[in-house]
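Heads up: the sequence lines are chains U, H and E, in that order. To convert, note that position 354 of the first sequence is 354 in this note's numbering; the numbers rise steadily by one, no gaps. To convert, note that position 58 of the second sequence is 58 in this note's numbering; the numbers rise steadily by one, no gaps. To convert, note that position 218 of the third sequence is 218 in this note's numbering; the numbers rise steadily by one, no gaps.
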Amino acid sequence: MPDDRPADEAEPPAPKTEDGGSSLRAGVDLRRVGINPDFWYPVAVARKVRKGRTLAAVFAGERIALFRGESGTVHALEDRCAHRQVPLSMGVVEGETLRCCYHAWAYRGNGRISQIPYLSKETGRPPRGVRAYPVREAYGLVFVFPGDPGKAADTPFPELPALGSAGHRTMTFSRLVRCHYSFMHENLLDMNHQFLHRRILGRIRPELLEHRSTPVSVEARYLFTHTGGKRNRGAGFLAAEGIGGKDSADVMTIRTEYPYQTLELVPEDARAPSFSLWAAYVPKDAEQRTSHAYGLLTIAKPPVPGALHLAWPVIRRFTERVFAQDRMAVEAEQKAWEEQGEDWNHEVFPLILDVRKLLRVNGVPLRPVPRRTESVSPPHPPATSAAPVDERRPADPDAPARP
Amino acid sequence: MPDDRPADEAEPPAPKTEDGGSSLRAGVDLRRVGINPDFWYPVAVARKVRKGRTLAAVFAGERIALFRGESGTVHALEDRCAHRQVPLSMGVVEGETLRCCYHAWAYRGNGRISQIPYLSKETGRPPRGVRAYPVREAYGLVFVFPGDPGKAADTPFPELPALGSAGHRTMTFSRLVRCHYSFMHENLLDMNHQFLHRRILGRIRPELLEHRSTPVSVEARYLFTHTGGKRNRGAGFLAAEGIGGKDSADVMTIRTEYPYQTLELVPEDARAPSFSLWAAYVPKDAEQRTSHAYGLLTIAKPPVPGALHLAWPVIRRFTERVFAQDRMAVEAEQKAWEEQGEDWNHEVFPLILDVRKLLRVNGVPLRPVPRRTESVSPPHPPATSAAPVDERRPADPDAPARP
Amino acid sequence: MPDDRPADEAEPPAPKTEDGGSSLRAGVDLRRVGINPDFWYPVAVARKVRKGRTLAAVFAGERIALFRGESGTVHALEDRCAHRQVPLSMGVVEGETLRCCYHAWAYRGNGRISQIPYLSKETGRPPRGVRAYPVREAYGLVFVFPGDPGKAADTPFPELPALGSAGHRTMTFSRLVRCHYSFMHENLLDMNHQFLHRRILGRIRPELLEHRSTPVSVEARYLFTHTGGKRNRGAGFLAAEGIGGKDSADVMTIRTEYPYQTLELVPEDARAPSFSLWAAYVPKDAEQRTSHAYGLLTIAKPPVPGALHLAWPVIRRFTERVFAQDRMAVEAEQKAWEEQGEDWNHEVFPLILDVRKLLRVNGVPLRPVPRRTESVSPPHPPATSAAPVDERRPADPDAPARP
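Here it is as structure tokens:
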């Protein structure tokens, strides 16, 4: 920005005008928009859910008890016993059931209670069970469908064909980031932030070649030119420098396709990507101010056998360092948002305005508090007129409650 | 619960209907019911209040300064200096008075100020003092009466005759538990939770023989049958296994008599209990989401001289392990309650419904914030028309306050 | 206070009557009165702001990025980038400008943006910059003027002539204290708190000789008589005992002159102070419940050359110990205030009532949340009718945002 540029005396825009005032969620602070639960979200690295064991997972404040039965199948239940609300993830796996650690109530994978050891005619009628989530295990991750279970079957599951290919190898990332998921999308799409990585990547001049937006996606293509400074070996390898020793212009394509994000790097003179990244940012707390970032980095094997294997630790160290810098920035943004009490971002880069709108329009209102969910699923049975357990008990509070 | 049991389609009962809607506190979440302060509550282990020293204690958010005068008597004052609110427990004991560490104001055991070193005619009139609590020292504990001091003399003090007996020895417990006191009562009364202790006690089949409820008590008798698994040596000793080497059915009697709780174990073929436990759960914070559990475990000495002495460390380790498991469960319940924002418990065991009603009916509303208590007690003198100190000072805020 | 003193049955005064009900801020809890920002406040020790580096400072919740340009001049900006709110104190100094670490926006010392590297015709119009604070470096501290910048030039800067004198040496203090600044003023002015320091100072009998109040100042003169007990060597040195070996009555003058505080000790038979202290308590958080205490302790050099140099570590240790005790007391007061929810102080010492009034009358209302400040300063340009950046973008939220 040259110093003689005409001064802009205007106040920065309020977020409510960003979408033109007509959107469903215009006026809503982007950092208060909940992620849409009607998608498949990773909630755990698959090998952490061991056979016959539980794992406590979470989606946007909803606690989820994962357990892998003796058959090898992973199940996902609401993480509370219907009796006294103790987390089922503290329980014990028996075959394909999960038994609460406290009074030993047992649950099936569909959330129905299969046994209460001490239940007799004298005792009250028990609840039916807890909510169960549709689960799928793929790409080394456990995915659940936290939204309407009726939509699970028809909702596209992420397709990552390179992951199964013999010519590629995949590195898995699983990291907590203390920010709203939207900051992550903006971070990756706005490649003008290479200054942040100057100590690792050297001086990079990113040039936006084009960007395209649809109601559910924003895609940007950049030309990356290395203009000086020392570049980390891991970066070099990922830019396929490891093969030809070249050092220059690569094309980077970043795409948010709600709710996921991808990145592909095609080196100069190459046709296929030297690597690609698939990422999902899964809100952890109910206010969605913390996210769990899951990443799958798929790297094309170079012609030299074993070269990728040897470079693996270098690549991991490189990506961890880059991620640590990005995390520092997005967590600083989240902290500033919390202190300022609202979104003061003043964006000047059009495609970031696009992705902000996309995330707002495709999101959902934040739920203020966890709802009570008592019935099993799917499907949700309608409530009948049967009297609840406690209502059938004597009602005189001053008399002994039971003779 | 057999799988073919007719499905219960009903929603679980809302807490407000549990007492039939006519109780004083029907509709109040049990976890928001304050403990009744008009009882004697332990607030410290007596030997921790050393002669000439202070100890900071607390009852439901009310900070209490205990101090033991040179005579050996323990006094209990509101833990704030009437002057600048610095805790008196930071002060210095002089004879039977307590001197604030800051400006050296001195207090008697009845809360009245006995000296302000620098008070002159020019200075304003000082306050009279702070609140004093009725105190009793017994069973190795310091008890205070946090409620209406006029009721202290007529309120029964816990009677534990076995504690003085030559045939018994007592183990004292004092532990913080991060839960509402009600969870502790439910935990002990519902002996179906032996699954929680399976690694320590082996497989236990508890059978409820009978239970009796009155407006102020709930008592349950269980037959405990050991059906397999290795049993901890401490457990064996407490069940008097140490005497006859037997291994089986004991009768366990648990009783909540508001606000205390007791447990007695009578081994098979025995007439007297092999051990008994007296417990009080004293709320710590004003919201009563944390309790201090005081326990007195009284164990009958076996015929072999010295056997109990030898077994003492084993018994303590055993009880600590059992307590750690119970604490894990009740703290998980409290945490779930805080996340859910209300009591979702769905109880099916009638005597637990009874104790829930008992705790609700005998409790009091939670006080939202600490009240200001300025006068000494007992008795509380009525306020007169004498003008407060500062009102007699010059009132012109713009003039120099003092010539 | 003799025991037969007539009982005061009255309730202690409510804070709202302390100023007679006619003051601007009568009725306001003193601990909720904000410090007046229209003064010069130290926010950092100068040598911590190194050339070419930044330092994150704060005034009452306003984050301030200090940076020292290559010229050696210190600049103070609002600590947020106008773009994405990342703290500028995480940025990089280039000459006399500060570049944000994230997307490399650069700012001048007056808060104006000097460059946005990737700005093109296609991008939106950027904001002008962020707020800049008037800065002065003096006495080894960096001062800013956090209030109305138009008042900075005419507001007296603290004058400390002894600091430049060859006959004195100055010790700098910089410590966080977790309390409202008012507790610090009351602590130092009420010298009846010597009981707090009995282990360091021995038994001191403070006698108030006189006190004088104006609308902006309270001054008290005490005669300090040492009546027994061992006195710390550092205390002795400061009381000039190191020179003559005397041990007794000194005159201590303490003065609050809004918003600063000073203390001077003139030993018996001496004419000039043996030491003097200048202090400022700078609120850290927006609620002003934490303060940063900056102190300059200026000590007259004794006739023996090098004696002060040798005593320096002893004096520092002594002052740190005294300060630690004061901090314990004032932090206990703040904690009590937070638990009690309001100011229960019951003051009996007239000059403390004066300083309480002074702090209330000269203070300002607390700002509930940080305000958005977007324009540069000084001066604040009026907003014009130019449309904000984002409003000029296409407004149809359902259409692709950009073709």
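Built from N, CA and C at the ideal position, the CB exists for glycine as well. From a predicted model like this one, the values you see are computed outputs, not experimental measurements.
Asked	Found
Less than 8 Å between the C-beta atoms of Ile113 of chain E and Tyr107 of chain E, yes or no?	yes
Can you tell me whether Glu374 of chain U is helix, strand or coil according to DSSP?	In this predicted model, Glu374 of chain U has a pLDDT of only 41, less than 50, meaning its place in the structure is not dependable; the value taken from the coordinates is given anyway. Glu374 of chain U: coil per DSSP, three-state reduction.
Which chain E residues sit within Cβ distance under 7 Å of Arg84 of chain H?	Glu333 and Asn345
Using 8 Å as the limit for Cβ to Cβ distance, is Asn192 of chain E near chain H?	yes
Within the region 223-274 of chain H, note down every full beta strand (DSSP E) run reaching 3 residues or more, in order along the chain.	250-257 and 260-267
Anyone know if the C-beta pair for Ile352 of chain E and Tyr181 of chain E falls short of 8 Å?	no
For Leu296 of chain H, which beta-bridge partners are listed by DSSP?	H:Thr172 and H:Trp278
Rounded C-beta distance between Ala46 of chain U and Val142 of chain U? I'm assuming under 8 Å.	5 Å
Compare the C-beta of Leu196 of chain E against all C-beta atoms of chain H and say whether one is closer than 8 Å.	yes
Val216 of chain E versus chain H: which residues are under 8 Å apart at the beta carbon?	By Cβ distance, chain H contributes nothing, its closest Cβ being about 10 Å from Val216 of chain E, past 8 Å.
Is it a yes or a no for the region 339-349 of chain H touching the region 80-89 of chain U, going by three-plus beta-carbon pairs under 8 Å?	yes
Within 10 angstroms of its Cβ, does Asp354 of chain U collect 16 or more other Cβ (buried), or is it exposed?	buried
Taking contact to mean 3 or more Cβ pairs, one atom from each stretch, closer than 8 Å, check whether the region 313-332 of chain E and the region 165-177 of chain E are in contact.	yes
Over the uninterrupted beta strand (DSSP E) stretch that includes His75 of chain U, give me the two end residues.	Val74 to Glu78
8 Å is my cut-off, CB to CB: does Ala329 of chain U come that close to chain E?	yes
To be precise: take each residue of the region 94-114 of chain U, compare its Cβ to all Cβ atoms of chain H, and keep it if any distance is under 7 Å. Which residues remain?	Cys101, Tyr102, His103, Ala104, Ile113 and Ser114
With a threshold of 8 Å between beta carbons, is Tyr118 of chain U in contact with chain H?	yes
If you compare alpha carbons, which of E:Gly363, E:Ser291, E:Val330 and E:Ala332 is closest to Pro215 of chain E?	E:Gly363
Using CA coordinates, which residue listed in U:Ala311, U:Met252 and U:His185 is at the minimum distance from Leu209 of chain U?	U:Met252
Since Thr262 of chain U and Trp278 of chain U should fall inside the 8 Å C-beta cutoff, what is the C-beta to C-beta distance between them, to a whole number of angstroms?	5 Å
Whose Cβ in chain E lies nearer than 8 Å to the Cβ of Pro87 of chain H?	Ala332 and Ala336
Go to Ala324 of chain U, then tell me how far its alpha helix (DSSP H) extends in each direction, as first and last residue.	Ala307 to Gln340
Count the other CB atoms, across all protein chains shown, that sit within 10 Å of the CB of Ser89 of chain U; report buried if there are 16 or more and exposed otherwise.	buried
Counting along the chain, where does the beta strand (DSSP E) carrying Leu98 of chain E start and finish?	Thr97 to Arg99
Hey, out of U:Tyr260, U:Ser120 and U:Phe67, whose CA is closest to Pro37 of chain U's CA?	U:Tyr260
Going by C-alpha to C-alpha distance, which of H:Gly228, H:Arg169, H:Leu66 and H:Lys357 sits closest to Ala311 of chain H?	H:Arg169
Using C-beta distances below 7 Å, list every residue in its chain close to Ala235 of chain U, excluding the 5 sequence neighbours before and after it, in chain order.	Ile200, Leu201 and Phe318
For the alpha helix (DSSP H) containing Phe349 of chain U, list its first residue and its last residue.	Where Phe349 of chain U is concerned, there is no enclosing alpha helix (DSSP H), given that its DSSP letter is neither H nor E.
Less than 8 Å between the beta carbons of Phe233 of chain E and Val314 of chain E, yes or no?	The sequence as given places Arg at residue 233 of chain E; Phe does not occur at that position. Yes; because the gap between Cβ atoms is below 8 Å, this pair is in contact.
Can you name the start and end residues of the beta strand (DSSP E) that Leu208 of chain E belongs to?	Arg203 to Thr214
By the three-class DSSP mapping on this structure, what secondary structure does Ser182 of chain E have?	helix
Given that a residue counts as buried once 16 or more other Cβ atoms are within 10 Å of its Cβ, and exposed if not, what is Ser213 of chain H?	buried
Using the C-alpha atoms, what's the distance from Arg50 of chain E back to Met171 of chain U?	42 Å
Skipping 5 residues on each side, what residues in its chain have a beta carbon closer than 7 Å to that of Pro350 of chain E?	none
Which bits of chain U does Met90 of chain E rub up against, with CB to CB less than 7 Å?	Ala332
Whole angstroms are fine: how far does the CA of Asn192 of chain U sit from the CA of Tyr133 of chain E?	29 Å
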